[in-house]
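If you read the protein sequences in the order shown, they are chains A and B.
Take the first sequence: its letter number 124 is residue 124 in this note's numbering, and every next letter is one higher.
Take the second sequence: its letter number 76 is residue 76 in this note's numbering, and every next letter is one higher.
Beta carbons: idealized from backbone N, C-alpha and C, even for Gly.
Since we're looking at a predicted model, the values are computed, not measured.
Number of protein chains: 2
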Amino acid sequence: MREPRGRYPKGVEMRERIIDAALAAYAASDSRGPSLRAIAESVGLTDKGVGHYFGNRDNLFLAVLQERDRLDAVWPEPGDPEYLSHVVETVASRNVSRPGLVKLYIDMAVAASDPAHVAHGYFTERYSRLRRDIETLLVQRGVSEPDARWKAQAMLAAADGLQIQWLLDPTLDIATAAVRVARLIESGPVAAQEQPAGSDAD
Amino acid sequence: MREPRGRYPKGVEMRERIIDAALAAYAASDSRGPSLRAIAESVGLTDKGVGHYFGNRDNLFLAVLQERDRLDAVWPEPGDPEYLSHVVETVASRNVSRPGLVKLYIDMAVAASDPAHVAHGYFTERYSRLRRDIETLLVQRGVSEPDARWKAQAMLAAADGLQIQWLLDPTLDIATAAVRVARLIESGPVAAQEQPAGSDAD
DNA sequence: GTCTATATCCCGATAGAC
DNA sequence: GTCTATCGGGATATAGAC
């Protein structure tokens, strides 16, 4: 057994290009998502070539999500008393600016409910970690520990649900809605004194 | 041009059987959902036989959701001061008791974000109607009109998001969580004085 | 490049309703 | 007796895996 040689620079760059192409293709795809062939051709490869880097289709899409996490590692400063609001606003704004990402994320989350799915661990660990982080934050903001637990769960749920509504109606301003939910969860009911933003078309 | 003859009793019954079989197959399927063949064989037909009734796959799954709506037409009495809590608890309990339904619903909602999808109208109208109904309810419960608007959106979002978390961890008690969110949205923060229910494993 | 699985369309056969 | 709802068969296109 020799040491594996690692990836060549060319391979590293191609990996990046495939991930970008996969996300772009997802944004333009129908309900079944883009085919491996379509993604491959958009970067000048065959499906076999993409398979070399990512093995199969689910692995590729999981890599897209992980790359998103890597790029989104920068967050607002934690000292801010409005920290949670800023975080949820940041998340919503980022996601909305990348077409296809929200659709991919929800699709994968549902698919990953199967314990045999490659992304099952990614999602279960992600949700556990996020719930724990938000819970800690809420306790620091003065929320009682029993409340912080279910409120963290609710905050996360609202963020996901708002994104589903946004998929169906992209004119919705879910960043503003998410901030309002965050304030409600952090500190109880708050009057909507700002002018209502986003689409009010029902 | 003559009047169409309508469906035969045999056809009506077979339609029902196919819808039931489709939901059952979805519960046991992998991330891509069940094949038309698998559904067809479970009711003693070929895939073309199913195609005769529903045209294509998406139409069949849309019919499953519409059948669910038809069966779920019974709701708690509106006079109750805890009406919203009872409704969300009813929804959560019903959905959790039908394996595959939640997965199908979220999958379809995401797919229907494409305006060309057969279920696009179903979902956009559904969400508009639900937002409007909840908003009316909140106003009746004393919530100010500007607040009622975004709070209805948040309530709906939380319900959807909780179901996604439940898919990934079916031990979560999302009915209790949904009721707590409903109370928070209706009347401000409330102490979690009941014992924590559901899985606390993180 | 091949193999298998799947969805969809066109066409035909049958049998039961009117 | 006629018509059509209810199917199945064949052909075609596409996609994923090996």
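Counted within 10 angstroms of its Cβ, other Cβ atoms place A:Val12 as buried (16 or more) or exposed | exposed
Nearest CA to the CA of B:Ser42: which residue from B:Asp20, B:Leu60, B:Val96 and B:Glu77?
-> B:Asp20
At which residues does the alpha helix (DSSP H) containing B:Thr136 begin and terminate?
-> His120 to Gln140
Cα-Cα separation, A:Tyr237 to B:Ala182 | Summary: the structure shown does not reach residue 237 of chain A, with chain A confined to residues 1 through 202, and so no result is reported for it.
At a Cβ threshold of 7 Å, is B:Val110 touching chain A?
-> yes
Write down every uninterrupted run of the alpha helix (DSSP H) in the stretch 20 to 70 of chain A whose length is 4 residues or greater and which is fully enclosed by it, in chain order.
-> 36 to 42 and 47 to 54
Residue nearest to B:Gly100 in terms of C-alpha spacing, selected from B:Leu138, B:Asn56, B:Pro170 and B:Glu89 | B:Pro170
Using beta-carbon positions only, say whether A:Ala154 and A:Leu138 come within less than 7 Å of one another.
-> no
Cβ pair A:Ala152, A:Ile174 closer than 7 Å = no
Quick one: using the 10 Å Cβ neighbour count with 16 as the cut-off for buried, is A:Ser31 buried or exposed?
-> buried
Test: A:Leu65 CB closer than 7 Å to a CB of chain B = no
Run through DSSP, which three-state label would B:Ala73 get?
-> coil
Three-state class that DSSP yields for B:Arg5 in the structure shown | coil
Given B:Arg248, which residues of its chain have a CB within under 8 Å of its CB, disregarding the five upstream and five downstream residues?
-> Any property of residue 248 of chain B remains undetermined from this structure, which presents chain B solely from 1 to 202.
For my contact list, B:Val110 and A:Ile106 are in at a C-beta cut-off of 8 Å; report their separation, rounded to the angstrom.
-> 5 Å
CB B:Ala22 to CB B:Val64, shorter than 7 Å?
-> yes
What's the gap between the Cα of A:Leu168 and the Cα of B:Glu67?
-> 22 Å
B:Arg17 versus B:Tyr122 - alpha carbon distance | 22 Å
Hey, out of B:Tyr8, B:Ala27 and B:Arg15, whose CA is closest to A:Asp114's CA?
-> B:Ala27
For B:Asp72, I'd like the list of residues in its chain whose CB is within less than 7 Å of its CB, leaving aside the five on either flank, ordered along the chain.
-> Arg94
Roughly how many angstroms lie between the CA atoms of B:Tyr53 and B:Arg15, to the nearest whole one?
-> 7 Å
Backbone secondary structure at A:Val110 - three-state DSSP | helix
Proximity below 7 Å, CB of B:Ala38 to CB of B:Asp47 | no
Is DSSP giving A:Ala116 helix, strand or coil here?
-> coil
Write down the C-beta distance between A:Val74 and A:Ala178 rounded to the nearest angstrom, noting that I regard them as a contact closer than 8 Å.
-> With 8 Å as the limit, A:Val74 and A:Ala178 do not qualify as a contact, their Cβ atoms being about 19 Å apart.
Since B:Tyr127 meets chain A, which of its residues come closer than 8 Å, beta carbon to beta carbon?
-> Gln165, Leu168 and Asp169
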